[in-house]
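Numbering (my numbering), first residue to last: 30 to 524.
Below is one structure, written out as structure tokens, with a few remarks after it.
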Amino acid sequence: FQPTLSQGTSRMGKKNRMEEDSSPAAAGGSKGKKGRSSLEQVEGMKTEDGEVLQFEDPFSDEEEIEEGDLEMMDEDEEDEEEEAMNENKKYQVYVPGQDGKEVELEVDNSAYEMLHRLNVEWPMLSFDFVGDNLGQQRTKFPLSCFAVGGTEADKDANNKLVVMHMRQLHRTKHDDDEDSDDDSDGGEDDLDDDPELRHISVAHMGSVNRVRSMPQQSTIVASMSGTAKAHIWDISIPLRTLESQASPAPTHAAEPLHTFQHKEEGFAVDWSTMEAGRLATGDVKGHIYKWLPTDGAKWEVDSSPYLGHTSSVEDIQWSPTETEVFSSCSADQTVRIWDARKKKGSALAVTASDCDVNVISWNTKVPYLLASGDDKGVFKVWDLRSLQSGEPVATFSWHTKQITSIQWNPDQPSMIAAAGADNQVTLWDLSLERDAEAEAQLAAEGMPVPEIPPQLIFIHQGQKDVKEVRWHPQCPGVLGSTASDGVHVFKPINT
């Protein structure tokens, strides 16, 4: 496994290539020594008195036009024609996926404070930032962060957990500026050094369907395997090694602290933020199991599952304020709220979609808000105080394929990130409303008013088959997204 970090250097948008005629303009024929005319041979000769012979130009009263002047006139005419064509063109706003055609995209670095890309040997289905002791609310560049990801390799035995330390994540906002070195006002924040990646792999039998770091003790991570096993790991040694050694050994031998065998494989796993070590896992059979920590870094898993879902449990979220409350979503099209003290039947349930509900996220700042994303690319926001009404407080149908991940911003309660199989990561601010005056001004200027939700504030692209998006818990506005072709770590200018 040899991942590398690279910086984005291209510009996002449709790339329009115009072919230019590179042939020189034919302003008069070319001349050679042997091809001189008889007039040229005579002109310049001297008379017997020494006077230089000159022939009168019959067009001397007209302004002479040099070859370069002809070229300039041609260019001016071309510019005028191009301006006329542009005036007749209608302005267009690029909307991803709107015309159903694939386009080549380039990154506009000015849209990001920071954008770094990580290439991987095997795709990572799941990815999570790992908390560290470098400080809270870090905004100064270069940034440094730790993360853990899990692979989907060609064989079960080739899979691994990858513990990563990404260093020297410099601001890339000015990478496209020709005079960025002279005009940059960021000082040391804008140093253009290469990012650095250190990584250590831990063998993991079976694909890593999902991996999550414990909020209270980030060195402890839980993983769901394609072999139907759920594991808990201690990655403290790899993390310490990555922090202290510039060239660590690429692998670390470790066994799980605890393993539980589900009857079927699963994807749902979540740590409680209210009680350290409390965990819940769910599988495709519709069963949910609660894990509680015991002495000696062990866990006790209740063998009797929570029953209520009639199909695969796709995601689980513990309440940010209630120790004994968690939520789940399922391919049975429902979102359920559970009292962890009761096994049979959920406390609340709502039919959240007419298709599979893939992911949910509980707002940590506004604990009565829950978001869900489904198989048709729709995500909804639910008010748990009126969940039984069956009506969401907001519905967004932007993505054209299934929602694969969703998470509220831990620092800004109105902001949420969503990832889709349509190769988009979208950022939304639900506090925004449509500005009728601004739209009217655009229309008056002949500009189109695109059908874009006013809450949609950013679209990140450049990845294929995006699986997850995660906010960094200690670096405000910084996100990580994992896809079949690698991991991106970025900070948009408006987060």
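Beta carbons are placed, not taken as given, at the ideal position from N, Cα and C, and that holds for glycine.
- The three-state secondary structure of Asp223, taken from DSSP, is coil.
- Secondary structure note for Leu144: its beta strand (DSSP E) is the uninterrupted segment Tyr141 to Asn148.
- According to the DSSP assignment, Glu497 belongs to no alpha helix (DSSP H) but to the beta strand (DSSP E) extending over Val495 to Trp500.
- Boundaries for Thr310: no alpha helix (DSSP H) harbours it, while the beta strand (DSSP E) harbouring it runs Leu308 to Gly311, taken from the DSSP string.
- Arg239 and Ala469 have their C-alpha atoms some 46 angstroms from each other.
- Linking Trp300 to Gln346 through their CA atoms gives a straight-line distance of about 8 angstroms.
- In the three-state scheme derived from DSSP, where H, G and I count as helix and E and B as strand, Leu271 is classed as helix.
- About 16 angstroms separates the Cβ atoms of Asn138 and Asp222, ruling out a contact at the 8 angstroms cut-off.
- With fewer than 16 other CB atoms across the displayed protein chains lying within 10 angstroms of its CB, Lys493 is exposed.
- In the pairwise beta carbon analysis, the stretch 263 to 278 is classified as not touching the stretch 331 to 341: fewer than three pairs are separated by under 8 angstroms.
- Taking C-beta atoms as the reference points, Ser415 and Cys358 fail to come closer than 8 angstroms.
- Within the same chain, and ignoring the five residues on either side of Glu353 in sequence, the residues whose Cβ sits closer than 7 angstroms to its Cβ are Asp368, Ala369 and Arg370.
- Straight through space, the alpha carbons of Ala257 and Glu293 are spaced by roughly 5 angstroms.
- Across the structure, Ser460 and Ser443 are spaced so that their CA atoms are roughly 6 angstroms apart.
- In the displayed model, Gln503 falls within coil according to three-state DSSP, outside both helix and strand.
- For Ala465, the secondary structure class from DSSP, reduced to helix, strand or coil, is helix.
- Non-local beta-carbon contacts of Lys394 in its own chain, meaning distances under 7 angstroms to residues more than five positions away in sequence, involve Pro442 in chain order.
- Look at the stretch 337 to 372 and you find no whole run of alpha helix (DSSP H) that is 4 residues long or longer.
- Spatial neighbours of Val177 in its own chain (CB-CB distance under 8 angstroms, excluding positions within 5 residues in sequence) are listed in chain order as Phe156, Asp157, Val159, Leu190, Val191, Val192, Met193, Val240, Ser242, Val250 and Ile264.
- Contact check for Leu456 and Thr511: beta-carbon distance about 17 angstroms, past the 8 angstroms limit, so the pair fails to qualify.
- Scanning Glu466, Asp458 and Met253 for the CA closest to the CA of Ile486 turns up Asp458.
- Proximity of the stretch 470 to 480 to the stretch 424 to 440 falls short of the contact definition, fewer than three beta-carbon pairs being nearer than 8 angstroms.
- If you check the CB distance, Ser390 and Val407 do not come in under 8 angstroms.
- Scanning its chain for C-beta atoms nearer than 7 angstroms, with the 5 sequence neighbours on each side dropped, one finds around Gln246 the residues Ala305, in chain order.
- Taken in chain order, no unbroken stretch of alpha helix (DSSP H) lies wholly in the stretch 372 to 397 with a span of 4 residues or more.
- Assigned with DSSP and collapsed to three states, Leu134 falls in strand.
- With 16 or more other CB atoms across the displayed protein chains lying within 10 angstroms of its CB, Ile317 is buried.
- Here Leu399 is buried. Its C-beta has 16 or more other C-beta atoms within 10 Å.
- Nearest C-alpha to Trp427 among Leu163, Thr288, Asp440 and Asp404: Asp404.
- If you look at Arg196, you'll find it in the beta strand (DSSP E) that goes Lys189 to Leu198.
- Taking Glu150 as reference, the option from Val132, Glu135, Trp411 and Thr180 with the minimal CA-CA separation is Thr180.
- The C-beta distance from Thr429 to Asp451 rounds to 5 angstroms, short enough to fall under 8 angstroms.
- In the same chain as Pro279, and ignoring 5 residues on each side of it, the C-beta atoms closer than 8 angstroms to its own belong to Phe30, His228, Ile229 and Ser230, in chain order.
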